[in-house]
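Colleague:
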Amino acid sequence: MWNAAGLQDDPQRTGKRYRSAVIVIGLLLVLLGLTVLAGWLLQVEVITSFVPDFPSMAFNTALCFVLSGIALSTSARRRPLASLLSTIASASVVLIVLARLIEIATLGRTVHNVDRLLTNILIPPDFAAQIGGGMGPNASLIFLLGNLSLIAAQNWREARAPLIQELISYVVVTLGMIALASYVTNAEQGYRWGPYAAMALPTAIGVVTFGGGLLASAWWRQPESRGRIPLWVPALVCFTGLLADLYTPLGVANGILYVPLVLTALWFRNRKASLLFALVCTILVLLGFFAVRHDSASLWHEITNRSITVVMLWLIALLVFYYVRNRMSLETERIRFSALVRNTPDAVLTIDEKGTISSFNPAAEQMFGYVPQEVIGRNVKMLMPEPYHSEHDGYLSHYAETGEQRIIGTTREVSGRRKNNAVFPLDVSISEVKSGGIKTFVGILRDISERVNQEERLRTTLAQLEDYTADLERSNHDLDEFAYIASHDLKEPLRGLHNHSRFLLEDYGGQLDDDGVRRLNRLVRLSQRMEKLVNDLLYFSRIGRQQLAVKRTDINLVVKDVVATMELLLEERHAKVVIDGQLPEVVCDAPRLTEVFRNLITNAIKYNDKPRPLVSIGYLERFVAKDGTTARNVFFVKDNGKGIAKEFHEDIFRIFKRLEKSQDSDDGTGAGLTFVRKIIARHNGEIWLESEIGIGTTFYFTLGRKREGQNAAA
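Using our numbering, read the sequence shown as starting at 616 and increasing by one per residue.
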């Protein structure tokens, strides 16, 4: 809601004001009712009428004011007990006035049994007869409608209850003002309906106050339904229309004067206000018709006139309803668009056909460094560096003449200029909006400085990678040259040393003493070992550079093939290799994996101090290590040998590193486990071991997976 200065009111503060108004008005109604009841009990007639010779407020009417005031004031308290008290008080009023209305409808105007039920007990009969009268049908109807709306608002949790209460409050206020105006203009038909009891002046005042309390209660429960114009404007229209209707022949004026009341709905937030006002006007038209006497000759003319009036009012109300609904929908969309524009991280600008800026959102302020007052009304080219600055007006002129679109509907990368004249790159997307023959261009701009910087860094990184790749290719080429030299030039002298040593032993062995023969044999063995070291080194370098020939392989067949080739070694050592369970099929390089199993089985047999070495090979779908790490799809090779101390678990994988010599130490170089780790790493797996001294060692490895929380072995 908005105040007169155009500033938004605090909804919580506004609600407190409405709530306070409801409580105060309720207490005033209680005070009014108690005052009149005191006048009855003290037999002071002037208190019951306020003005001598005017009708007095009936005893039941005063009682209804007390109960209605209690119901109204307690309805503003959000407590179950207060709500129950409000409902009981309103229900009591409804019972009283319903009994009175039934009495009027069935027994006529001269019977006042309901009103005299309490007065005959509490008031002397002569004083009651002196005042006479009773609760009029207009007052009864007002109390009935008002208290029913309070009951609905207290117990009906839907949003329509406050709207119904607001409508009824308009009717109540209007009827009260009509009665007051009738006292001023001495028009009895305004406060007395037909031959029935009249509405007293204090009753009319209380009715207007009661209607105001109902309206404040409705606005407190649903503040958004509050109108943007003062309540007295539609009330004045109702009052003027009804007076003109009462005193103008054939009711000609009512069709004109009630139209402004329906049109006041344009200033109300509730889209159904026009329909509510049309209903109020219909009630007033009917009241104006039945409040006066009609000649038989003009009766049908008046019926026709009022029927046309009612139809016209409802047609206007429907037109206003659809207009307000569309306006509220447009307002909702405008608010959404405004919120989107204000909160979007992209700069949003709107310009007209001449390039003049008409809007500048906060993101644009942050991007360019200008505040809206500095740019709105100026040409958008102020935000452009050269050559865009000079070319922009020409582009707009060309587009206006030819309609050729170069930027509109596309996204382009251009440059912008900040307030400090700094030039920066940005993406711009421009769309065209036509409304009423006027073209507006909406530009969405995004600062891409960071993206451009990242692209530049990426280009630099790619250039560096190209240099690194070239260096790597040169390094691989040098390594290939080294391998060639090692396999030909380096191995040739070794063969020469080996051959000449053998020749010396064969030709001159008899001429040498034992020490000389021993030294020549030692030279032969060293040259042979040196050649094996060179071969292993070359093989290690090829493992990391050659592509794997992967295919689906049955590991059972791989292990059986390895065991078959090691049959002689197994017989010599009285060793046995068993497969624990079924081994799966995997995608791998079969020759490389064959080498893995051969090295692991060979080591398990060669470095075993048991009389009958046992090697077990198996597969685990899920493995849990002693340190809590887990892995899936794990192969293992387990032996019953000496075991490996924990401090050597990493050393054994180093090339040419051996913890001890086996019986066939001259046949090995200590590179086997290095080859195993390298091959498994090429399969994106890892290898680790668990061992106990004197019990044995188990090697575990995966192919294509790592243990959770661990890195692959390199």
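Backbone N, C-alpha and C fix where the C-beta goes; we use that ideal spot for every residue, glycine too.
Please read all numbers here as calculations on a predicted model, not as lab measurements.
1. Can you grab the Cα-Cα spacing for the pair T1313 / L1304, in whole Å?
2. Considering only the beta carbon of each residue, do A1164 and D1204 sit closer than 8 angstroms?
3. Alpha carbon to alpha carbon, how far is G630 from S1046?
4. Would you call the stretch 635-644 and the stretch 821-836 touching, i.e. three or more CB-CB distances under 8 angstroms?
5. Looking at F669: is its Cβ nearer than 8 angstroms to the Cβ of A815?
6. Taking the straight line between their C-alpha atoms, what separation do you get for A1037 and Y1083?
7. Whole-angstrom Cβ separation of F1263 and I1295, contact assumed at under 8 angstroms?
8. Check this for me: beta carbons of T818 and A754, under 8 angstroms apart or not?
9. How would you call H1298, buried or exposed, if buried means at least 16 neighbouring beta carbons within 10 angstroms?
10. How about G821 and L644: are their beta carbons less than 8 angstroms apart?
11. Give me the DSSP bridge partner(s) of K1191.
12. Does the distance from the CB of V963 to the CB of N976 come in under 8 angstroms?
13. Among N958, L1135, I746, L934, which residue has its Cα nearest to the Cα of E980?
14. Would you list, in sequence order, the uninterrupted alpha helix (DSSP H) runs of no fewer than 4 residues that lie entirely inside the stretch 745-771?
15. Quick test of your reading: A978 and P1002, contact by CB under 8 angstroms. State the CB separation rounded to the nearest angstrom.
16. Is F742 helix, strand or coil by DSSP?
17. DSSP has L1041 in a bridge; who is on the other side?
18. If you reduce the DSSP assignment to three classes, tell me which class D1204 lands in.
19. In whole angstroms, what is the alpha-carbon distance linking E917 and C896?
20. Would you tell me roughly how many angstroms separate the C-alpha atoms of V786 and I1053, rounded to the nearest one?
21. Once DSSP output is grouped into helix, strand and coil, what is the label at T1244?
22. So, P667 versus V661, is the Cβ gap smaller than 8 angstroms?
23. Mind checking who I1023 pairs with in its DSSP beta bridge?
24. Indicate the three-state DSSP secondary structure (helix, strand or coil) for E968 in the structure shown.
25. Would you kindly check if the distance between the Cβ of R940 and the Cβ of R886 is under 8 angstroms?
26. Pick from V1173, R1213, D1195, I1170: whose alpha carbon is nearest that of L1184?
27. Suppose you measure from the CA of T971 to the CA of H1007; what does that come to, to the nearest Å?
28. Quick one: is G1300 buried, meaning 16 or more other Cβ sit within 10 Å of its Cβ, or exposed?
29. With DSSP as the reference, identify every bridge partner of S707, one or two as the case may be.
30. The alpha helix (DSSP H) spanning S688 covers which residue range?
31. Cutting at 6 angstroms between CB atoms, please list the residues of its own chain near T734, excluding the five before and the five after it.
32. In the DSSP assignment, what are the bridge partners of G1124?
33. Going by C-alpha to C-alpha distance, which of F825, Q1197, I738 sits closest to E1236?
34. Quick one: Cα of L713 to Cα of I757, how far?
35. I need the DSSP call for F665, collapsed to helix, strand or coil.
36. On the three-pair Cβ rule with 8 angstroms, is the stretch 694-705 touching the stretch 647-655?
Modeller: The answer reads as follows:
1. Cα to Cα, T1313 sits roughly 6 angstroms from L1304.
2. Against a cut-off of 8 angstroms, the Cβ pair of D1204 and A1164 comes out as a contact.
3. Take the alpha-carbon of G630 and the one of S1046: they are about 43 angstroms apart.
4. Because the criterion of three Cβ pairs below 8 angstroms is met, the stretch 635-644 and the stretch 821-836 touch.
5. For F669 and A815, yes; Cβs fall inside 8 angstroms.
6. Using only the alpha carbons, I get a separation of about 36 angstroms.
7. Wrong, their Cβ atoms sit about 19 angstroms apart, outside the cutoff.
8. With contacts defined as CB atoms closer than 8 angstroms, T818 and A754 qualify as a contacting pair.
9. By the 10 Å Cβ count, H1298 comes out buried.
10. Taking a C-beta distance under 8 angstroms as the contact criterion, G821 and L644 qualify as a contact pair.
11. According to the DSSP secondary-structure assignment, K1191 is paired through a beta bridge with L1229.
12. Judged by their CB atoms, V963 and N976 are nearer to each other than the 8 angstroms cut-off.
13. Ranking the options by Cα distance to E980, first place goes to N958.
14. The DSSP assignment places complete alpha helix (DSSP H) segments of no fewer than 4 residues inside the stretch 745-771 at 752-770, in order along the chain.
15. Taking 8 angstroms as the upper bound for CB-CB distance, A978 and P1002 are not in contact here, some 26 angstroms apart.
16. In the three-state DSSP reduction, F742 falls in the helix class (H, G or I).
17. Per DSSP, V1029, D1062.
18. D1204 falls in the strand class under three-state DSSP.
19. Here the alpha carbon of E917 sits roughly 16 angstroms from the alpha carbon of C896.
20. Straight-line Cα distance between these residues: approximately 46 angstroms.
21. Three-state DSSP puts T1244 in coil, outside helix and strand.
22. Taking 8 angstroms as the Cβ cut-off, P667 and V661 qualify as a contacting pair.
23. For I1023, which the question treats as bridged, DSSP gives the partners I1045.
24. It is coil, neither helix nor strand.
25. Yes, Cβ-Cβ distance for R886 and R940 is below 8 angstroms.
26. Checked all of V1173, R1213, D1195, I1170; the closest Cα to L1184 is R1213.
27. Cα-Cα distance, rounded: 12 angstroms.
28. G1300 is buried by the Cβ-count criterion.
29. According to DSSP, S707 bridges with nothing at all.
30. Looking at the DSSP string, the run of the alpha helix (DSSP H) that includes S688 is 674-689.
31. Excluding positions up to five away in sequence, the list reads F674, A743.
32. Beta-bridge pairing links G1124 to no other residue.
33. Of the candidates F825, Q1197, I738, the one whose C-alpha sits nearest the C-alpha of E1236 is Q1197.
34. Distance between the alpha carbons of L713 and I757: 11 angstroms.
35. The DSSP-derived three-state label of F665 is coil.
36. Counting C-beta pairs closer than 8 angstroms gives fewer than three between the stretch 694-705 and the stretch 647-655, which falls short of the contact rule.
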